[in-house]
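Novice: My questions all concern the structure below.
Chains as they are written, first to last, in the numbering used here: chain A, 1 to 458; chain B, 1 to 458.
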């Protein structure tokens, strides 16, 4: 009746179920391990972030101190060596103004990097400490919850196992009862078969036909038939009972199967996701705020620095020789102001304070005047030429000294490799052959300019 | 004839002139001193600028090295402790991405500050060296030219002095000759007066009336008159000659006066200005370029840093729990993927794989179903309540962890005094009472959230 090729044996079914449950149990363990690992990584990351910002705070503080020292060194120098009025005087000159702003900028940057360091230590790191605490606490709680969920799931799986086994048992009982019933039926059949052989063949082979047999035989047969009937009835009852139990057990198994699948689905699809959500509760948002604090600090530093650079740029734009000359001359007014005109001093009450241009000096003066006029017009022509040469020479010098060679953007365009920065950068200003050539040209032109000036009475 | 109250004496005039020339000479000396001082200050300023940038280059290099070490420390850690695949896996998580970008940023800043240092050393400082050389050379030449101009001016002043003295001399000679002439005229007059007394009173008192006197007396008188006449003629001639000389001398003096005043004017108004221009030739322009190189370097650094911060900001914006959860589950797919559904395992070829819901189990199942439905509707109502509570609690936590408390602009707003930065800044994050309160609230809410979840089966 049982065909091994067709039906799985109980053992096989149990073994399969065991395997399936073992796999799930292994997964559950791995899930916990995975959460542990994520927790560990998160704790490590937050520790790294703290260490990173602690170390960076030190670096920023170091940088700030060095910048402050640098500024103080030159500010002290300016304050000590010269008296205050002199210093104040010099400040009106545009290059000195640039220099002062440079020093101010260094002071400003020093201060800003101290602030940055302070924000790292007193704001950003505490945030990471908090995130770390929160994460640890949430992971712990989530793991507890997760463990409970897993235990519940395992309970469901065990229940399914037990329900399945019950079903097997009751079904086996039912099958057994059925086979026993069938056996009884067979025996009854056999008994009836005997009666038919020993008696008339007319009699149909039914228990009711026993009325026709002989009394004695009849009695024996009747008692035997009754026995079998009784047994059959018993077995029938047993079978019916077992069959019902098996049906109920199967129903329980089927219901437990649905419930287990639903539980497994709920655990894998919802609970695990919720569990990770609980571990993450606020993590990303808090990390976001900590990093935004960092960004806010950096951007404020940048803005402050930029403001300083703007001030310097403005001062550089105002570098102006003409106004500096004006300021210098005003500053040393007594040194540069022209003296009183020399007045005619009449000798012993000499009344004539005008040039006497009458005879006999008239002709001589006229001649002299003509000579001077002729000399003057020659000089004027010469002068025009010299002026043109000088202007052209000056323009050449101006062109040389105002060439726009100050853009260093190239130096900040690195190759993707991030390597060999030095070699790229060092090729800048001085090593360019064009610079040397330009400088030679500048000095030559300058020399020429001076020569021309000197030759023609400045 | 000379009235001391009315005319200045020669000595006074000479003394006044001397004083005036001395004053000019003192001014000229001061002018040279002033140029020297400006040259010295300029050389000093350029030296200071070189020292400043040399020292700043060191500071930037130091800063760069420290940043590099910082980045390497954590990058090495990430590389060594875990295998590459694992690291790669983790990189898909948004917090790890932020962390990697932070380290990248430090590397980028390290590189940029090296570049900055390099530009200081190899571009900006050489520029200042050049400007210093140029300035020194130009000052030297300008001073030579200035000295020549001053010598020329002194020559003109000396000439004026000598011309003035000549005028004084010739005018004195002229006056003397005139007075001698006048004396002769007086004598002649006297002689004629004698003749008139000794002779007729009719005769007019003229030299021609001598014809009427006695021969002897006539002869004596005539010879005396002739003598006087001769002397007078001589004196007349002398006077005329001296007068002409005096006029010429005065003319020379007046011309020299004009020339001197013009020279002085030219020197004070044009030459001094030109001299300063020559000292400044290219100075402001070259300084401008050197400082613009500095600005270009700083602005490029700023831009590069800003790009890095933008990348970090973008990563911070992309901090997302949901997608991280998704990625984690994909990463550990074998751990998180739901197992196969549990299938009905028929026992010994049991053909019924469906719930048997006929008599005699029907009524029992129906009863059970009704019980479950009633329980389910109770749970649904409860669930709705719990869900609402949980959502509200979660929202509270979300509100706490997403509060926008990351703006640190205030820390960069210093008081004008630039002092007491520390005290202002340290009042930030942790010391605020609101933070402690908020944290307590957060943990309480979190606890409540977990309790609710646990009570109602997660």
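Glycine included, each C-beta is placed from N, C-alpha and C at the ideal position.
By the DSSP assignment, the alpha helix (DSSP H) with residue 97 of chain A in it spans what residues?
Specialist: What you label residue 97 of chain A is simply residue 97 of the first chain in a count that begins at 1. Residue 97 of chain A -> alpha helix (DSSP H) spans 94-119.
Novice: Just to check my reading of the structure: residue 128 of chain B and residue 46 of chain B have Cβ atoms closer than 8 Å, yes? What is that Cβ distance to the nearest angstrom?
Specialist: Counted from its first residue, the second chain places residue 128 of chain B at position 128. Counted from its first residue, the second chain places residue 46 of chain B at position 46. That belief holds up - the Cβ atoms of residue 128 of chain B and residue 46 of chain B are roughly 5 Å apart, short of 8 Å.
Novice: What residues of chain B sit near residue 136 of chain A, judged by a beta carbon separation below 8 Å?
Specialist: Numbered from 1 along the first chain, position 136 holds the residue referred to as residue 136 of chain A. Within chain B, no residue comes near residue 136 of chain A; the closest Cβ sits about 12 Å away, beyond 8 Å.
Novice: Beta carbon of residue 438 of chain A, beta carbon of residue 400 of chain A: below 8 Å?
Specialist: Taking the first chain and counting its residues from 1, the one referred to as residue 438 of chain A is at position 438. Taking the first chain and counting its residues from 1, the one referred to as residue 400 of chain A is at position 400. Result yes, Cβ atoms of residue 438 of chain A and residue 400 of chain A sit closer than 8 Å.
Novice: Hey, residue 356 of chain B and residue 251 of chain A: beta-carbon distance below 8 Å or not?
Specialist: Start at 1 with the first residue of the second chain, and residue 356 of chain B comes out as number 356. Start at 1 with the first residue of the first chain, and residue 251 of chain A comes out as number 251. In this structure, residue 251 of chain A lies closer than 8 Å to residue 356 of chain B by Cβ.
Novice: Measure how close the beta-carbons of residue 112 of chain B and residue 301 of chain B come, nearest whole angstrom, since I'm counting them as under 8 Å.
Specialist: Translated into positions along the second chain, residue 112 of chain B becomes position 112. Translated into positions along the second chain, residue 301 of chain B becomes position 301. Between residue 301 of chain B and residue 112 of chain B the Cβ distance is about 5 Å, and since that is below 8 Å, they are a contact.
Novice: Does DSSP put residue 409 of chain A in a helix, a strand or coil?
Specialist: Start at 1 with the first residue of the first chain, and residue 409 of chain A comes out as number 409. Helix, per DSSP.
Novice: Along the chain, where does the alpha helix (DSSP H) that runs through residue 254 of chain B open and close?
Specialist: Numbered from its first residue, the second chain carries residue 254 of chain B at position 254. 215-265 is the extent of the alpha helix (DSSP H) around residue 254 of chain B.
Novice: Whole angstroms is fine: what's the gap from residue 188 of chain A's alpha carbon to residue 229 of chain A's?
Specialist: Against the first chain, residue 188 of chain A aligns to sequence position 188. Against the first chain, residue 229 of chain A aligns to sequence position 229. For residue 188 of chain A and residue 229 of chain A, the distance between alpha carbons rounds to 7 Å.
Novice: Looking at C-alpha atoms only, which residue of B:261, B:72, B:178 is the closest neighbour of residue 234 of chain B?
Specialist: Sequence index remark: in the second chain, residue 234 of chain B carries index 234 (1-based). Residue B:178 is the option with its Cα nearest to residue 234 of chain B.
Novice: Determine the closest residue to residue 8 of chain B out of A:443, A:446, A:345, A:377, with distance taken between C-alpha atoms.
Specialist: Locating residue 8 of chain B in the second chain gives position 8, where the first residue counts as 1. When each option's Cα is compared against that of residue 8 of chain B, the closest is A:345.
Novice: So what's residue 318 of chain B in DSSP terms, helix, strand or just coil?
Specialist: The residue you call residue 318 of chain B lines up with position 318 of the second chain. In this structure, residue 318 of chain B counts as coil in the three-state DSSP scheme.
Novice: Here's the rule: buried if 16 or more other CB atoms are within 10 angstroms of the residue's CB, otherwise exposed. What is residue 44 of chain A?
Specialist: One-based indexing of the first chain puts residue 44 of chain A at position 44. That one is exposed.
Novice: The segment 250-263 of chain A: which residues have C-beta closer than 8 Å to a C-beta of chain B, in chain order?
Specialist: Of all residues in the segment 250-263 of chain A, 250, 251, 253, 254, 255, 257, 260, 261 have a Cβ within less than 8 Å of some Cβ in chain B.
Novice: Return helix, strand or coil for residue 340 of chain A, following the three-state DSSP convention.
Specialist: Residue mapping note: residue 340 of chain A aligns to position 340 of the first chain, counting from 1. Residue 340 of chain A falls in the coil class under three-state DSSP.
Novice: Is residue 90 of chain B close to chain A? Criterion is C-beta to C-beta, closer than 8 Å.
Specialist: For the purposes of this step, residue 90 of chain B is identified with residue 90 of the second chain, where counting begins at 1. Yes, residue 90 of chain B lies at the interface with chain A (some Cβ there is under 8 Å from its Cβ).
Novice: Could you give the DSSP three-state label for residue 180 of chain A: helix, strand or coil?
Specialist: Counting from one through the first chain, the residue named residue 180 of chain A turns up at place 180. In the structure shown, residue 180 of chain A sits in a helix (DSSP, three-state: H, G or I).
Novice: Please classify residue 378 of chain B as buried or exposed, where buried requires at least 16 neighbouring CB atoms within 10 angstroms.
Specialist: Locating residue 378 of chain B in the second chain gives position 378, where the first residue counts as 1. Per the 10 Å Cβ criterion, exposed.
Novice: Assign residue 284 of chain B to one of two classes, buried (16 or more other C-beta atoms within 10 Å of its C-beta) or exposed (fewer than that).
Specialist: By 1-based counting over the second chain, the position of residue 284 of chain B is 284. Residue 284 of chain B comes out buried.
Novice: At least one CB of chain B closer than 8 Å to the CB of residue 363 of chain A: is that the case?
Specialist: For the purposes of this step, residue 363 of chain A is identified with residue 363 of the first chain, where counting begins at 1. By this cut-off, residue 363 of chain A is not an interface position.
Novice: Measure from the C-beta of residue 348 of chain A to each C-beta in chain B and report whether the shortest distance is under 8 Å.
Specialist: Locating residue 348 of chain A in the first chain gives position 348, where the first residue counts as 1. Yes, residue 348 of chain A counts as interfacial toward chain B.
Novice: Could you tell me which chain B residues have their CB closer than 8 Å to the CB of residue 414 of chain A, listed as they occur along the chain?
Specialist: Taking the first chain and counting its residues from 1, one reaches residue 414 of chain A at position 414. Chain B residues near residue 414 of chain A: 111.
Novice: Specify the secondary structure class of residue 404 of chain B as computed by DSSP and reduced to three states.
Specialist: As a working note, residue 404 of chain B is residue 404 in the second chain. In this structure, residue 404 of chain B counts as coil in the three-state DSSP scheme.
Novice: Residue 42 of chain B and residue 176 of chain B: beta carbons closer than 8 Å?
Specialist: In the second chain, the residue the question calls residue 42 of chain B occupies position 42. In the second chain, the residue the question calls residue 176 of chain B occupies position 176. Taking 8 Å as the Cβ cut-off, residue 42 of chain B and residue 176 of chain B do not qualify as a contacting pair.
Novice: Would residue 290 of chain B and residue 96 of chain B qualify as a contact pair, given that the criterion is a beta-carbon distance under 8 Å?
Specialist: To locate residue 290 of chain B, count along the second chain from 1; it is residue 290. To locate residue 96 of chain B, count along the second chain from 1; it is residue 96. Not closer than 8 Å, so no.
Novice: Answer yes or no: does any C-beta atom of chain B fall closer than 8 Å to that of residue 161 of chain A?
Specialist: The count along the first chain starts at 1 and reaches residue 161 of chain A at position 161. False, the Cβ-Cβ gap to chain B never drops below 8 Å.
Novice: Going by beta carbon distance, what residues of the same chain come within less than 7 Å of residue 185 of chain B, once the five residues before and after it are set aside?
Specialist: Against the second chain, residue 185 of chain B aligns to sequence position 185. 232.
Novice: Roughly how many angstroms lie between the CA atoms of residue 339 of chain B and residue 448 of chain B, to the nearest whole one?
Specialist: Along the second chain, one-based indexing puts residue 339 of chain B at 339. Along the second chain, one-based indexing puts residue 448 of chain B at 448. Cα-Cα distance, rounded: 33 Å.
Novice: For the alpha helix (DSSP H) that contains residue 356 of chain B, what are its first and last residues?
Specialist: Your numbering for residue 356 of chain B matches position 356 in the second chain. Here residue 356 of chain B belongs to no alpha helix (DSSP H), and DSSP marks it neither H nor E.
Novice: In the segment 377-406 of chain A, which residues sit with their C-beta less than 9 Å from some C-beta in chain B, listed in chain order?
Specialist: Listed in sequence order: 394, 397, 398, 400, 401, 402, 403, 404, 405, 406.
Novice: Suppose you measure from the CA of residue 193 of chain B to the CA of residue 242 of chain B; what does that come to, to the nearest Å?
Specialist: Locating residue 193 of chain B in the second chain gives position 193, counting from the first residue. Locating residue 242 of chain B in the second chain gives position 242, counting from the first residue. Looking at the two C-alpha atoms, the distance is approximately 30 Å.
Novice: Cβ closer than 8 Å: which chain A residues qualify as neighbours of residue 439 of chain B?
Specialist: Position 439 of the second chain, counted from the first residue, corresponds to residue 439 of chain B. By Cβ distance, chain A contributes 130.
Novice: Given residue 63 of chain B, which residues of its chain have a CB within under 7 Å of its CB, disregarding the five upstream and five downstream residues?
Specialist: Here the question's residue 63 of chain B lines up with position 63 in the second chain. Contacts found: 113.
Novice: Can you tell which of B:330, B:146, B:34, B:336 has its C-alpha closest to the C-alpha of residue 23 of chain A?
Specialist: Translated into the one-based positions of the first chain, residue 23 of chain A becomes position 23. Closest by alpha carbon: B:336.
Novice: Which residue from A:453, A:103, A:191 puts its Cα closest to that of residue 74 of chain A?
Specialist: Taking the first chain and counting its residues from 1, the one referred to as residue 74 of chain A is at position 74. Ranking the options by Cα distance to residue 74 of chain A, first place goes to A:103.
Novice: Check whether the segment 16-36 of chain B touches the segment 317-336 of chain A, taking contact to mean three or more Cβ pairs, one atom from each stretch, closer than 8 Å.
Specialist: With the cut-off at 8 Å, the segment 16-36 of chain B and the segment 317-336 of chain A touch.
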